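Chemist: Just so we're aligned, residue 673 is where the sequence shown starts under this note's numbering, counting upward by one.
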Amino acid sequence: MTHENWDGVFPDAPQDFHRAVEQALSECTPARTERRFPMKRKALFIAAAAVAALCVTAAAAYVFQWNEAMARRFGADPKQQELLSSAGAVGDPEQSVTENGLTVSALQTLGDKNGVYLLLSVKAPDGTALTDSSGFEMLGVNLEGSDHVSWSGGFMSGPAQTASLSGAENERYFELRLYNTQQADWNGKTITLDFANLQADRGKLDMYTVTEGEWALSWPLTYTDAMQSFTFGETYQVNGHAVTVDSVQLSPLSLALSLSGDGLEALIENSDLDEAGSLCTVSLTMEDGTVLDELYGPGTERYADGLYGRATSFDQIVDADRAAALTLTFFWESGNNTITIPLD
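#1: Check glutamate 816 in the structure and name its three-state DSSP category.
#2: Answer yes or no: the CB of glutamine 833 versus the heavy atoms of the ligand PLP, is any distance below 6 Å?
#3: Rounded C-beta distance between glycine 799 and lysine 861? I'm assuming under 8 Å.
#4: Buried or exposed: tryptophan 784, going by 16 or more other Cβ atoms within 10 Å of its Cβ?
#5: Can you have a look at aspartate 946 and say buried or exposed, based on whether 16 or more other CB atoms are within 10 angstroms of its CB?
#6: Would you please state the rounded distance, in angstroms, between the beta carbons of leucine 865 and valine 813? I believe it to be under 8 Å.
#7: Residues in the same chain with beta-carbon distance under 7 Å from serine 919, minus the five sequence neighbours each way, listed in chain order, please.
#8: With DSSP as the reference, label arginine 844 as helix, strand or coil.
#9: Compute the distance between the beta-carbons of proline 1014 and alanine 997, then report whether it is under 7 Å.
#10: Hey, out of Gln737, Glu1005 and Met899, whose CA is closest to glutamate 941's CA?
#11: Measure the CB-CB distance between phenylalanine 846 and leucine 927 and report whether it falls below 7 Å.
#12: May I ask you to list the residues that DSSP assigns as paired with proline 1014?
#13: Could you check if glutamine 753 is buried or exposed, using at least 16 other CB atoms within 10 Å of its CB as the buried criterion?
#14: Just to confirm, is the Cβ distance from isoleucine 989 to alanine 748 under 7 Å?
#15: Rounded to a whole number of angstroms, what is the C-alpha to C-alpha distance between leucine 1000 and asparagine 911?
#16: With the cut-off set at 7 Å, would you say glycine 787 and serine 985 are in Cβ contact?
#17: So the candidates are Thr896, Asn772, Asp977 and Ser829; which of them puts its Cα closest to the Cα of alanine 856?
#18: Report, in whole angstroms, the separation of the C-beta atoms of leucine 782 and valine 762, which I expect to be a contact under 8 Å.
#19: For a quick check, are the C-beta atoms of leucine 889 and alanine 778 less than 7 Å apart?
#20: When the Cα of aspartate 991 is compared with those of Pro924, Arg849, Thr962 and Met899, which residue comes out closest?
#21: Can you tell me whether leucine 936 is buried or exposed? The criterion is at least 16 other CB atoms within 10 Å of its CB, across all chains shown.
#22: Please list, in chain order, all residues of the same chain as glycine 981 whose beta carbon is under 6 Å from its beta carbon, the five residues on each side excluded.
#23: What separation, rounded to the nearest whole angstrom, lies between the Cα atoms of proline 892 and glutamine 921?
#24: List the whole-angstrom C-beta distance separating valine 954 from glycine 933, where the pair is believed to meet the contact cut-off of C-beta under 8 Å.
#25: Three-state secondary structure (DSSP) at methionine 879?
#26: Using CA atoms only, rank isn't needed, just tell me which of Cys952, Gly978, Gly826 and Ala868 is closest to glutamate 771.
#27: Taking the alpha carbon of leucine 939 as the point to measure from, which residue in Phe1002, Asp977, Pro750 and Asp878 has its own alpha carbon closest?
Dropping the structure here:
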């Protein structure tokens, strides 16, 4: 069952990175007092340095380790995982709460300034099967300093072999996406998740409670602003309508786009944007000529006061550094409906 709250919709490495490295190093290196090393002990010193290097490698391996389900969810290869982890995009909440035999755990987060993905797991009492149609009667998402946060989420779809931490029927991953529609600074802000009453579906969303209780998790969010910003101000013609591309922001996780122009209102009127539809589709052309025309993922589109804004969180990791051009297709227009914007 999908939960959502759509009201209002429309690097430096962080300190926890340093702390994790320091902790791993402390586990690798015994307590020692300061000591001078004479030249005849140079070989011993070099050997000790090699051991220290191995400890650093072990620490890095710990820090960069993605949850397997999150890596699979975003199609992240080992290089992408390491780059995003070292940049500070990945967080490890390590929070868990148990009530009436049911445990909810926060496993890992992935985000940038357009939003944050949260991976959790739920373990129900033995004999209680969890499916993607299971849900909670109530789920509250609160963020320190914010009056309202837009979000969506629910139990992960798919067979238990991939949607469950252990493959057991009473365990299943739970996903949440937070949409930072105002691109506010959420770093270090405490997020609180309040769950109440696990429910199952008799069919046709006839929900009933199978495990009563309340579960609350709270921890500070961490992510990095990995967005590349491109400012243009160039005007294009779309089927005779003038559209100005004001800015594009791109990261491996998301895209943000801002448009204006005298012809924009006419394009909006010709679309179904005001009916929860879309103005245009977006594709990326990479440096090698590959076209990514399936940039699927949740997001928002809005039009107000002559300005169009769009933010999309990708379902798959994108090599943003290799993006050469962005193409917008205004599919509601019958002709001359595509513009291509170089990302120089």
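From the three backbone atoms N, C-alpha and C, an ideal C-beta is built for every residue, glycine too.
Note that the structure is predicted; figures quoted are calculated from it, not measured.
Modeler: Taking the coordinates as given:
#1: On the sequence shown, position 144 is the one that residue 816 refers to. Coil.
#2: Absent from the structure shown: the ligand PLP. Ligands present: none.
#3: Stepping through the sequence shown from its first residue, residue 799 is reached at position 127. Stepping through the sequence shown from its first residue, residue 861 is reached at position 189. No, glycine 799 and lysine 861 are not in contact; Cβ-Cβ is about 38 Å, not under 8 Å.
#4: Position 112 of the sequence shown, counted from the start, is the residue given in the question as residue 784. This sequence places aspartate at residue 784; tryptophan is not what is there. Residue environment for aspartate 784: buried (at least 16 other C-beta atoms within 10 angstroms of its C-beta).
#5: Here residue 946 is taken as the residue at index 274 of the sequence shown, counted from 1. With fewer than 16 neighbouring CB atoms inside 10 Å of its own CB, aspartate 946 falls in the exposed class.
#6: Reading the sequence shown from its first residue, position 193 is the one you call residue 865. Reading the sequence shown from its first residue, position 141 is the one you call residue 813. The Cβ separation is near 6 Å, so the contact holds.
#7: Taking the sequence shown and counting its residues from 1, the one referred to as residue 919 is at position 247. Answer for serine 919: Ser901, Phe902, Thr903, Phe904 and Ser930, listed in chain order.
#8: The residue you call residue 844 lines up with position 172 of the sequence shown. Reduced to three states, the DSSP call for arginine 844 is strand.
#9: Your numbering for residue 1014 matches position 342 in the sequence shown. Your numbering for residue 997 matches position 325 in the sequence shown. At a Cβ-Cβ threshold of 7 Å, proline 1014 and alanine 997 count as neighbours.
#10: As a working note, residue 941 is residue 269 in the sequence shown. Sorting Gln737, Glu1005 and Met899 by C-alpha distance to the C-alpha of glutamate 941 places Glu1005 at the top.
#11: Within the sequence shown, numbered from 1, the residue matching residue 846 stands at position 174. Within the sequence shown, numbered from 1, the residue matching residue 927 stands at position 255. With contacts defined as CB atoms closer than 7 Å, phenylalanine 846 and leucine 927 fail to qualify as a contacting pair.
#12: Counting from 1 along the sequence shown, the entry for residue 1014 is found at position 342. Its beta-bridge partners are Ala997.
#13: Position 81 of the sequence shown holds residue 753. With 16 or more other Cβ atoms within 10 Å, it is buried.
#14: Here the question's residue 989 lines up with position 317 in the sequence shown. Here the question's residue 748 lines up with position 76 in the sequence shown. In contact: isoleucine 989 and alanine 748 (Cβ atoms closer than 7 Å).
#15: Walking along the sequence shown from the start, residue 1000 turns up at place 328. Walking along the sequence shown from the start, residue 911 turns up at place 239. The alpha-carbon separation between leucine 1000 and asparagine 911 amounts to approximately 13 Å.
#16: Position 115 of the sequence shown, counting from 1, holds the residue named residue 787. Position 313 of the sequence shown, counting from 1, holds the residue named residue 985. Yes.
#17: Taking the sequence shown and counting its residues from 1, the one referred to as residue 856 is at position 184. Looking at the Cα atoms, Thr896 is the closest of the given residues.
#18: What you label residue 782 is simply residue 110 of the sequence shown in a count that begins at 1. What you label residue 762 is simply residue 90 of the sequence shown in a count that begins at 1. Confirmed, about 6 Å.
#19: Position 217 of the sequence shown, counted from the start, is the residue given in the question as residue 889. Position 106 of the sequence shown, counted from the start, is the residue given in the question as residue 778. Between leucine 889 and alanine 778, the CB-CB gap stays under 7 Å.
#20: The sequence position of residue 991 within the sequence shown is 319, counting from 1. Of the listed residues, the one whose Cα sits closest to aspartate 991 is Pro924.
#21: Locating residue 936 in the sequence shown gives position 264, where the first residue counts as 1. Taking every protein chain shown into account, the CB of leucine 936 has 16 or more other CB atoms within 10 angstroms, so this residue is buried.
#22: Along the sequence shown, read from residue 1 onward, the residue named residue 981 stands at position 309. Result list for glycine 981: Ser930 and Arg974, in chain order.
#23: As a working note, residue 892 is residue 220 in the sequence shown. As a working note, residue 921 is residue 249 in the sequence shown. One C-alpha to the other measures close to 25 Å.
#24: In the sequence shown, counting from the first residue as 1, residue 954 sits at position 282. In the sequence shown, counting from the first residue as 1, residue 933 sits at position 261. With 8 Å as the limit, valine 954 and glycine 933 do not qualify as a contact, their Cβ atoms being about 17 Å apart.
#25: By 1-based counting over the sequence shown, the position of residue 879 is 207. Collapsing the DSSP output to three states places methionine 879 in a strand.
#26: By 1-based counting over the sequence shown, the position of residue 771 is 99. Selected option, being the one with the closest Cα: Ala868.
#27: On the sequence shown, position 267 is the one that residue 939 refers to. Closest by alpha carbon: Phe1002.
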